[in-house]
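To start, the structure itself, in structure tokens.
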Amino acid sequence: MEPATARVVIIGAGHAGSNAAAFLRQYGWPGEIILLGEEPVLPYHRPPLSKAWLKGEATAESLALRPAEFYGKQHVTLHLGTPAEAIDRGAKTLRLAGGEALAYDHLILATGARARRIPLPGADLPLVHTLRNAADADRLKAGIGPGRRVVVIGAGWIGLEVAASARALGAAATVLEAQDRVLARVASPALSAFVDAAHRRRGVDLRLRVGIEAIEPDAVRLADGTRIPADLVLLGVGAVAEDALARAAGLAEPGGGIRVDGSARTADPAIHAIGDCTIRPLPGGAMGRLESVPSATEQAKQAAADLCGRPVPAPEVCWFWSDQYELRIQVAGLAQGAAQGVVRGDPAAGDRLAVFHLDAAGAVQAVEAVNAAPEFMAGKRLIALGRPVPAARLADPATPLAALATA
Amino acid sequence: MPKVTYIEHNGTEHAVEVPVGLSVMRGAVDNNVPGIDADCGGECACATCHVFVDPAWEARTGTPSEQEASMLSFAATKQDNSRLSCQIEMTAALDGLVVRMPEAQH
Ligand SMILES: Cc1cc2nc3c(=O)[nH]c(=O)nc-3n(C[C@H](O)[C@H](O)[C@H](O)COP(=O)(O)OP(=O)(O)OC[C@H]3O[C@@H](n4cnc5c(N)ncnc54)[C@H](O)[C@@H]3O)c2cc1C
Ligand code: FES
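First to last, the sequence lines map onto chains A and B.
Here our numbering is used: the first residue of the first sequence is 134, the next is one more, and so on.
Here our numbering is used: the first residue of the second sequence is 2, the next is one more, and so on.
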């Protein structure tokens, strides 16, 4: 058992950091817990920033992960607006902004990610936005309204969610994508095609395979010379691990991110890392980043359990959701490398879609669902079970999911 | 303020005051009751706020919406009295509510 004086310092008061503090107390951590956050606001839910919050359907209270009193009641010392600036691993101390030193017995890095920037002429003009935190979202929200012309660069999850929210707010939306389909990095061609059609139907000017030459004060200029007038530009070209602190302390990978094992341990026995800043074990054995709330929660549990001397919980099936218009998209597992995709039902009907991705042995490795919660939940279950399922029965809506997914 | 008793899978009880208008999920999260992760923050997207409503309270907590029912349909530990606690809003009439947590949410 840890001495009651042992101090855990968590750097980063986001989803992973706030959850780690909560799980440490749930699991009986007897010592001090200090949670350091760079942002001046209570830890909050990031997903609504491109969805409900942008559309004005959420409040600051509903965004907060936990109320302010939570931290005091749980004996978690929360320092907001307090970035850590350096880690001295030998001395087990941090330097905070302002020069103050803070000692730790255990450190949890939960620094998240930041929006990727691309070296595009004009990318620092005032009409250009990125979206990672509440301050970005406030700025973005102020710029979107009826009649405004919003141009999104990058058809990833965040870009498409912002386009959908912009349409809901009465703005015109153009989405520019370099690849030949939307969500190219993260979705199967079937889901890409479905989402593509959904946006076009709602009036989004979606252009694929476009190169961008420059951003101008009132337009985006494409490689072919076309000028797309813009009042606001969102750069939605992905996120990179926020690993500057770890890098200076020799804990970051050359390509970015902090490498951890299935217990969220880094190469330093006194340091765990969790959430979007990590390179973690993925289903199938590879290592990579999983930028999602469920992954942040799972790793927060791993680190807390490990520190409290509890068995680390079994790996969870990774999953993600996105809301665009009235489409609820839910994805579990990773579709990359699947041997076969099985569409269940008729995607041409247009309002729902379910695609199961089978591995070489015929077991479900991923499911992509749009407005199809039963298929999503059944798929998640089938991924966990890991046994082969006949593709023809999976494809046939007449075969009850229950017949396939109950153990 | 109305009270909710959350009973962990291992039998540990947590009696918590939950303000009217908040969800039963928020009551657990805000008081660090173990066993409710609530990844989606109450959007009915994650099913990690699954509880079993004490049979004596089932009539008063009502029935799940279609979206909620479909999220519950394949939960590993589903029972007839399964609910997503983010979809149960606290009212004065629910003072004394008892819910139990499944062994795991995944
Ligand atoms: C607009 C948007 C929409 C999203 N939608 C979804 C969704 O629908 N579903 C889903 O599963 N996921 C979604 N995500 C991803 C999800 O929000 C992240 O995976 C999750 O927030 C990761 O948690 P984290 O704690 O690792 O990082 P973060 O939540 O980013 O928190 C990291 C925190 O650390 C702080 N920090 C960084 N460096 C320091 C330092 N040196 N000192 C102190 N503090 C520091 C940062 O300021 C930040 O507050 C979305 C993300 C965004 C931006
Ligand atoms: S909190 Fe996600 S479904 Fe209830």
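Every residue, glycine too, gets a C-beta built ideally from N, C-alpha and C.
Here the structure is a predicted model, which is why all the values come from computation and not from measurement.
**Q.** Nonlocal neighbours in the same chain, by C-beta distance under 8 angstroms from ASN32(B), ignoring five residues either side
**A.** Residue mapping note: residue 32(B) aligns to position 31 of the second sequence, counting from 1. For ASN32(B), the CB contacts under 8 angstroms within the same chain, skipping 5 residues up- and downstream, are HIS15, VAL17 in chain order.
Q) At least one CB of chain B closer than 9 angstroms to the CB of LYS188(A): is that the case? A) In the first sequence, counting from the first residue as 1, residue 188(A) sits at position 55. So no, LYS188(A) is outside the interface.
Q: Return the Cβ separation of LEU227(A) and TYR237(A) in integer angstroms, given the expectation that the two are a contact with Cβ distance under 8 angstroms.
A: In the first sequence, counting from the first residue as 1, residue 227(A) sits at position 94. In the first sequence, counting from the first residue as 1, residue 237(A) sits at position 104. About 7 angstroms separates the beta carbons of LEU227(A) and TYR237(A), which is inside the 8 angstroms limit, making them a contact pair.
Q: Counting only the same chain and skipping the five closest in sequence on each side, list residues whose C-beta sits under 8 angstroms from that of GLY336(A).
A: Stepping through the first sequence from its first residue, residue 336(A) is reached at position 203. Result list for GLY336(A): ARG300, ALA305, ALA306, in chain order.
Q.
Only counting the same chain, and skipping five residues up and downstream in sequence, which positions put a Cβ closer than 6 angstroms to that of GLY395(A)?
A. One-based indexing of the first sequence puts residue 395(A) at position 262. Excluding residues within five positions, the ones whose Cβ falls inside 6 angstroms are PRO414.
Q. Which residues are close to ligand 2, meaning CB closer than 7 angstroms to any heavy atom, in chain order?
A. Residues flagged by the Cβ proximity filter: MET26(B), ALA39(B), ASP40(B), CYS41(B), GLY42(B), GLY43(B), GLU44(B), CYS45(B), ALA46(B), CYS47(B), ALA48(B), THR49(B), CYS50(B), MET72(B), LEU85(B), SER86(B), CYS87(B), GLN88(B).
(Q) Using a Cβ-Cβ cutoff of less than 7 angstroms, which residues in the same chain neighbour ALA528(A) once the five nearest sequence positions on both sides are dropped? (A) Against the first sequence, residue 528(A) aligns to sequence position 395. For ALA528(A), where only same-chain residues beyond five positions count, the Cβ hits under 7 angstroms are VAL475, VAL476, ARG477.
Q. Should ASN152(A) be labelled buried (16 or more other beta-carbon atoms within 10 Å of its own) or exposed?
A. The count along the first sequence starts at 1 and reaches residue 152(A) at position 19. With 16 or more other Cβ atoms within 10 Å, it is buried.
Q. Grouping DSSP H, G and I as helix and E and B as strand, with all else coil, what is TYR177(A)?
A. On the first sequence, position 44 is the one that residue 177(A) refers to. TYR177(A) falls in the strand class under three-state DSSP.
Q: Scan the segment 31–42 of chain B for residues whose Cβ lies nearer than 7 angstroms to a Cβ of chain A and list them as they occur along the chain.
A: Listed by position, the residues of the segment 31–42 of chain B near chain A (Cβ gap below 7 angstroms) are ASP31, ASN33, PRO35, ASP38, ASP40, CYS41, GLY42.
**Q.** Beta-carbon gap between ALA468(A) and GLU424(A) smaller than 9 angstroms
**A.** Position 335 of the first sequence, counted from the start, is the residue given in the question as residue 468(A). Position 291 of the first sequence, counted from the start, is the residue given in the question as residue 424(A). No, the pair does not count as a contact, with Cβ atoms beyond the cut-off.
Q: Taking a Cβ distance cut-off of 7 angstroms, strictly less, list which residues of the segment 193–218 of chain A are near chain B, in chain order.
A: So the list reads ARG199, PRO200, PHE203, GLN207, given in the order they occur along the chain.
Q.
Distance cutoff 9 angstroms, beta carbons only. Does PHE147(B) sit that close to anything in chain A?
A. It is not possible to answer for residue 147(B), since the shown part of chain B is limited to 2 through 107.
(Q) For the segment 147–159 of chain A, list every residue whose C-beta sits within 7 angstroms of some C-beta in chain B, in sequence order. (A) Within the segment 147–159 of chain A, the residues whose Cβ lies closer than 7 angstroms to some Cβ of chain B are ALA155, ARG158, GLN159, listed in chain order.
Q: Step through the CB atoms of chain B and report whether any lies within less than 9 angstroms of the CB of GLN463(A).
A: In the first sequence, residue 463(A) corresponds to position 330, counting from 1. Cβ-Cβ to chain B under 9 angstroms: yes for GLN463(A).
Q) Should ARG222(A) go down as buried or exposed, given a rule of 16 or more other Cβ atoms within 10 Å for buried? A) As a working mapping, residue 222(A) is identified with position 89 in the first sequence. Looking at its Cβ environment, which holds fewer than 16 other Cβ atoms inside 10 Å, ARG222(A) is exposed.
Q. Out of curiosity, what's the CA-to-CA distance linking HIS148(A) and ASP484(A)?
A. Taking the first sequence and counting its residues from 1, one reaches residue 148(A) at position 15. Taking the first sequence and counting its residues from 1, one reaches residue 484(A) at position 351. Separation of HIS148(A) and ASP484(A) (C-alpha to C-alpha, rounded to the nearest whole angstrom) is 32 angstroms.
Q: Measure the C-alpha to C-alpha separation of ALA275(A) and LEU175(A) and round it to an integer number of angstroms.
A: Position 142 of the first sequence, counted from the start, is the residue given in the question as residue 275(A). Position 42 of the first sequence, counted from the start, is the residue given in the question as residue 175(A). Between ALA275(A) and LEU175(A), the C-alpha separation is close to 21 angstroms.
Q: Would you check whether ligand 1 has a heavy atom nearer than 8 angstroms to the C-beta of PRO416(A)?
A: To locate residue 416(A), count along the first sequence from 1; it is residue 283. No.
Q) I think VAL99(B) touches ILE37(B), with their Cβ atoms under 8 angstroms apart; what is that distance to the nearest whole Å? A) Stepping through the second sequence from its first residue, residue 99(B) is reached at position 98. Stepping through the second sequence from its first residue, residue 37(B) is reached at position 36. That belief does not hold up - the Cβ atoms of VAL99(B) and ILE37(B) are roughly 15 angstroms apart, past 8 angstroms.
Q: Could you tell me whether any non-hydrogen atom of ligand 1 is closer than 8 angstroms to the CB of ALA461(A)?
A: As a position in the first sequence, residue 461(A) is number 328, starting the count at 1. Here residue 461(A) turns out to be Arg, not Ala, going by the sequence shown. For ligand 1, not one heavy atom lies less than 8 angstroms from the Cβ of ARG461(A).
Q) At which residue ranges does the segment 216–294 of chain A contain complete alpha helix (DSSP H) runs of 4 or more residues, listed in the order of the chain? A) Runs found: 267–276.
Q) I think VAL308(A) touches ALA317(A), with their Cβ atoms under 8 angstroms apart; what is that distance to the nearest whole Å? A) Within the first sequence, numbered from 1, the residue matching residue 308(A) stands at position 175. Within the first sequence, numbered from 1, the residue matching residue 317(A) stands at position 184. So it is not a contact: roughly 13 angstroms between Cβ atoms.
Q. Which residues, in order along the segment 433–454 of chain A, keep a beta-carbon less than 9 angstroms from a beta-carbon of chain B?
A. Identification of residues in the segment 433–454 of chain A having a C-beta nearer than 9 angstroms to some C-beta of chain B yields LYS434, PRO446, ALA447, GLU449, VAL450, TRP452, TRP454, given in sequence order.
Q. According to DSSP, is ASP351(A) helix, strand or coil?
A. Residue mapping note: residue 351(A) aligns to position 218 of the first sequence, counting from 1. If DSSP states are grouped into helix, strand and coil, ASP351(A) belongs with coil.
Q. Which whole-angstrom value describes the C-beta separation of VAL373(A) and ALA246(A), a residue pair presumed to lie in contact below a C-beta threshold of 8 angstroms?
A. Mapped onto the first sequence, residue 373(A) falls at position 240. Mapped onto the first sequence, residue 246(A) falls at position 113. About 6 angstroms separates the two Cβ atoms, so the contact holds.
Q. Which residue from GLY214(A), GLY344(A), GLY369(A), ARG461(A) puts its Cα closest to that of ALA311(A)?
A. The residue labelled residue 311(A) in the question sits at position 178 within the first sequence. If we check each option's Cα against that of ALA311(A), GLY344(A) comes out closest.
Q.
Would the segment 425–437 of chain A count as touching the segment 85–95 of chain B if we require 3 or more Cβ pairs under 8 angstroms?
A. Cβ pair count under 8 angstroms is below three, so no.
Q. Is it a yes or a no for the segment 394–412 of chain A touching the segment 355–374 of chain A, going by three-plus beta-carbon pairs under 8 angstroms?
A. Output reads yes: the segment 355–374 of chain A touches the segment 394–412 of chain A.
(Q) For PRO279(A), count the other beta carbons within 10 Å of its own beta carbon; 16 or more makes it buried, fewer makes it exposed. Which is it? (A) Position 146 of the first sequence holds residue 279(A). Taking all protein chains shown into account, PRO279(A) has fewer than 16 neighbouring C-beta atoms within 10 Å of its C-beta and is therefore exposed.
Q: Would you identify the three-state DSSP class for SER83(B), choosing helix, strand or coil?
A: By one-based count along the second sequence, residue 83(B) stands at place 82. Note: SER83(B) maps to strand in three-state DSSP.
Q.
Within 10 Å of its beta-carbon, does ILE391(A) have 16 or more other beta-carbons around it, so buried, or fewer, so exposed?
A. For the purposes of this step, residue 391(A) is taken as residue 258 along the first sequence, with counting starting at 1. Buried, since its Cβ has 16 or more Cβ neighbours within 10 Å.
Q.
If distances are taken between C-alpha atoms only, which option among ALA511(A), PRO521(A), ILE241(A), VAL522(A) comes closest to THR78(B)?
A. Position 77 of the second sequence, counting from 1, holds the residue named residue 78(B). For THR78(B), the nearest C-alpha among the options comes from ALA511(A).
Q | alpha helix (DSSP H) segment containing GLU508(A), residue limits | A | What you label residue 508(A) is simply residue 375 of the first sequence in a count that begins at 1. 506–518 is the extent of the alpha helix (DSSP H) around GLU508(A).
Q. Which bits of chain B does PRO507(A) rub up against, with CB to CB less than 8 angstroms?
A. What you label residue 507(A) is simply residue 374 of the first sequence in a count that begins at 1. Contact note: PRO507(A) reaches chain B through SER71, SER74, PHE75, using a C-beta cutoff of 8 angstroms and chain order.
Q) Can you give the Cα-Cα distance for ALA70(B) and ILE348(A), rounded to whole angstroms? A) As a position in the second sequence, residue 70(B) is number 69, starting the count at 1. As a position in the first sequence, residue 348(A) is number 215, starting the count at 1. Each residue's alpha carbon lies about 47 angstroms from the other.
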